[in-house]
Amino acid sequence: MAWECGIDGCGAVFEDAESTIVHQATEHTRQECQVCGTVVPDGYLAIRHAFTEHSRAEYVRAYGASSEEVRNREELLEAIDDVADMEAIATELKR
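Structure, rendered in structure tokens:
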């Protein structure tokens, strides 16, 4: 299965989720969390931060997200969490 970077129409394609996440973290501008102010890599890691560190309500208030947008992001997190090797990603990002 091919994985495509969805940040700002980037469209770069990778053979695995891990390569896509590393690309997002290293090739795109970091973002400031609108809930807590923490600066995080864009893409999957930003969404993961928002949904693991904050409540749905905090996310909706800070980003003006609809319930459909929240569901889409939760589904994306679940799909990636099912296949991504987070230890491999962390190791690669520490280089």
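Residue numbering for the sequence shown follows the numbering used here, starting at 913 and increasing by one per position. C-beta atoms are modelled at their ideal positions from N, C-alpha and C, and glycine is treated no differently.
Under the Cβ criterion (8 angstroms, minimum of three pairs), the segment 995-1004 does not count as touching the segment 976-987.
Under the three-state reduction of DSSP output, Val-972 falls in the helix class. Tyr-971 and Ala-958 have their C-alpha atoms some 12 angstroms from each other.
In this structure, the alpha-carbon of Gly-976 lies about 33 angstroms from that of Glu-927. Comparing alpha-carbon positions, the option among Ala-974, Gln-943 and Ala-929 lying closest to Ala-1002 turns out to be Ala-929.
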